[in-house]
Amino acid sequence: MNEGKAGSFLYVLKIEAPAYLADAIAAHLFDFGLRGLEEQPSGDRLCLLTYGEDRRQIEQYASLAERFVAGVREFDPAAAAVTIRIDERPNDEWATSWMQHFRQTAITPRLVVQPSWDDTPAPPGARRLIIEPKMAFGFGTHATTQLAARSIERACLERPACRVLDVGTGTGILALVALLHGACYAVGTDIDEVAVQSARENAELNGLADRCEFTGKPLAAIGGPYDLVIANITAPALIELAADLTRLTDPQGQLALTGVLAEFKRDVLAVYDELGMQLRFEEEQDEWCLLELIRA
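Numbering of the sequence shown is given in the working numbering, commencing with residue -16 and proceeding in unit increments.
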C-alpha cells in the first residue's frame, strides 16, 4: 500500500459537477485554503482538478467537497450527479502529461497568455504574456482572472503609468498584465511563498522583473497608496481585508474586486460601503463578479 511519500506520486482530486454547482464547490474549497483549480468544461458540466504530493491534504479537500455537496443535495437534486474521486499518478508521468492542458488563451482583446513551450504567434494587434504554469497557481483560463484582466486594461487606458497592487498574485499574471498595458510599476502579494517565487520567475520570463516586486508580506505590512488595487481572492477574504484594501487605494484611484460569486456580491458591497467606497462598475462572467470601487 502506498503511504503517499512526497515526491514519488502525484494525487489528483477530480470533481465533476453541473457548471453552476462546480463554481460553488470551488468557492467553498478556496475558503478553506485551496490555492487553485484547473477547470475542464464538458457541455453543461465542469471538471475541477487540483493536484498535490500530500495525499492526506488532497483527501481533506475531497472530504470538504463531499460534505458541501451532501448539504446542497438536501435542496438541489442535481447535486446527486456530482462525482468526486482521487487518482494517483507517478510524478514522472505528471511531469509531461499536465502540459497538454495549457495553450494560448486570450484574456483581454489585446493580450494572450501562453505557456513557455508554446510558440504560437499572437493574433494581429495582440501581445503575448508567457506564464510558466505551476499546477495550482493560475494561468488565465478562469473567469475571475479574465474579469480582472479586462478591468486592468480599462484602468490602464484611463490612467497610464499607474502604480498597481495585485493581492493574491499567484503566478503574478495580473501584475504582469498591468505592466504590459502601461502600468509603471506593480507589486504582487501572496501568502504562499511558492506562488511568490513562481511570480518572480514569470516576471523574468517576460523581461519585466525591473518593474515589479513580489512579496509574501501580509497586507497590513504593505505601504501605499496605489492607483489601482486588484484583489482576485474569495469573498470572505475580501471582507476580512476590506480595511487594508481600502487604505491601500489612492483617494483618486480604483479598487477592483473579483473572486466573488454573484450570490455574495451584496455582502461584499455592504462592507466596502461602510468604508466609504462606492460601486463604479460591475461585470459578471460564469456566475463570478467583478466590482470596481472608487471613493464616495
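Where is the CB? At the ideal position from N, CA and C, for every residue including glycine.
For this session: Using alpha carbons as the reference points, say which of 136, 188, 210 lies closest to residue 170.
Result: 210
Problem set entry | Boundaries (first-last residue) of the alpha helix (DSSP H) holding residue 185 | 176 to 188
For this session: Can you give me the Cβ contacts of residue 138 inside the same chain, cut-off strictly under 6 Å, excluding the 5 residues immediately before and after it?
Result: 211, 237
Problem set entry | N- and C-terminal bounds of the alpha helix (DSSP H) containing residue 278 | Residue 278 -> not in any alpha helix (DSSP H); beta strand (DSSP E) instead, spanning 271 to 278.
For this session: Given a cut-off of 8 Å, decide if residue 274 and residue 258 are closer than it, judged by their beta-carbon atoms.
Result: no
Exercise. Can the beta-carbon of residue 86 be found closer than 8 Å to that of residue 163?
Worked result: no
Problem set entry | Opposing strand residues paired with residue 103 [DSSP bridges] | None, per the DSSP bridge assignment.
Exercise. Which stretch, first to last residue, makes up the beta strand (DSSP E) that contains residue 236?
Worked result: 232 to 244
Exercise. How far does the beta strand (DSSP E) with residue 97 in it reach, from first residue to last?
Worked result: 94 to 97
Problem set entry | the segment 214 to 231 in contact with the segment 134 to 152 per 3-pair CB rule at 8 Å | yes
Problem set entry | Cα-Cα separation, residue 42 to residue 13 | 15 Å
For this session: Rank 233, 102, 140 by C-alpha distance to the C-alpha of residue 166 and give the top, closest one.
Result: 140
For this session: Let me know if residue 173 comes out buried or exposed under the rule of 16 or more other beta-carbons within 10 Å of its beta-carbon.
Result: buried
Problem set entry | Euclidean distance between Cα positions of residue 108 and residue 133 | 16 Å
Exercise. Taking just the CA atoms, how far does residue 187 sit from residue 119?
Worked result: Any reading at residue 119 must be qualified, since the residue scores a pLDDT of 41, below 50, and its modelled position is unreliable; no value is offered.
Exercise. In whole angstroms, what separates the C-alpha of residue 245 from that of residue 272?
Worked result: 6 Å
For this session: Determine contact between the segment 220 to 233 and the segment 175 to 185, defined as no fewer than three beta-carbon pairs at a distance below 8 Å.
Result: no
Exercise. Short check: CB of residue 93 to CB of residue -5, under 8 Å?
Worked result: no
Exercise. Roughly how many angstroms separate the alpha carbons of residue 270 and residue 190, rounded to a whole number?
Worked result: 35 Å
Exercise. Taking just the CA atoms, how far does residue 264 sit from residue 243?
Worked result: 14 Å
For this session: State the DSSP-derived secondary structure class of residue 222, mapped to helix, strand or coil.
Result: helix
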